[in-house]
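Asks: First residue of the sequence shown: 67, per this note's numbering; consecutive thereafter.
Beta carbons are placed, not taken as given, at the ideal position from N, Cα and C, and that holds for glycine.
Bear in mind the structure is a predicted one, so any value in this text is a computation, not a measurement.
This is the structure I have questions about; it appears just below.
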Amino acid sequence: MKIAVEKGQDKTVLADGRQTVTITDIEEGTSENKGIPFFAVRFENEDGYVSHRFYQSPAGMPAIIGLFEQVGIEAKEGQDLDTKQLLGKQLTIEVGERSYTDPETHNERTLKQAVNFLAS
């Protein structure tokens with residue numbers, strides 16, 4: 067079997083701590099359990115990458131607005147935000163782990179994710 071390695075797939079997951087990164091990819095989807103729309107952002111630098119999902123829900127909107135504002139895109143009431151505007155933007159994030167209980171298996175899972183978005 068031949069397995070193609072695409073650009074960026076040879077990178078490792080970023081170490082915990084503060085990282086200056088560039089947004090290199092955005093994928094859209096819907097959550098597996100509740101059908102909530104989300105976009106997944108790939109934060110990347112020369113040392114590696116981390117992906118983070120942003121859910122379009124009342125609880126998720128502060129993180130979405132914070133991300134846009136940290137890269138210099140103002141969020142105004144009545145205007146739509148376009149995730150394509152995030153591509154290529156640079157910022158500083160804090161990389162860490164979060165544990166939760168999987169609703170289907172009831173097993174604990176741990177994700178590495180980006181938190182605390184800071185202007186760079």
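#1: Starting from Gln-136, trace the alpha helix (DSSP H) in both directions and tell me its first and last residue.
#2: Alpha carbon to alpha carbon, how far is Thr-158 from Ile-102? Give it in angstroms, no decimals.
#3: Does DSSP put Gln-122 in a helix, in a strand, or in coil?
#4: Spatial neighbours of Glu-94 within its chain, please: CB distance less than 6 Å, with the 5 preceding and 5 following residues excluded, ordered by chain position.
#5: By Cβ distance below 6 Å, which residues in the same chain neighbour Gln-179 in space, the five residues on each side in sequence not counted?
#6: Please identify the residue among Tyr-121, Met-127, Arg-108 whose C-alpha is closest to the C-alpha of Asn-228.
Replies: According to the data block:
#1: Taking the first residue of the sequence shown as position 1, residue 136 is located at position 70. Gln-136 -> alpha helix (DSSP H) spans 127 to 136.
#2: Within the sequence shown, the letter at position 36 stands for residue 102. Within the sequence shown, the letter at position 92 stands for residue 158. Each residue's alpha carbon lies about 27 Å from the other.
#3: Stepping through the sequence shown from its first residue, residue 122 is reached at position 56. Of the three classes helix, strand and coil, the one that applies to Gln-122 here is coil, per DSSP.
#4: Within the sequence shown, numbered from 1, the residue matching residue 94 stands at position 28. Excluding residues within five positions, the ones whose Cβ falls inside 6 Å are Phe-105.
#5: As a position in the sequence shown, residue 179 is number 113, starting the count at 1. Cβ within range, chain order: His-118, Arg-164.
#6: Because the chain here runs from 67 to 186, residue 228 falls outside it and cannot be looked at.
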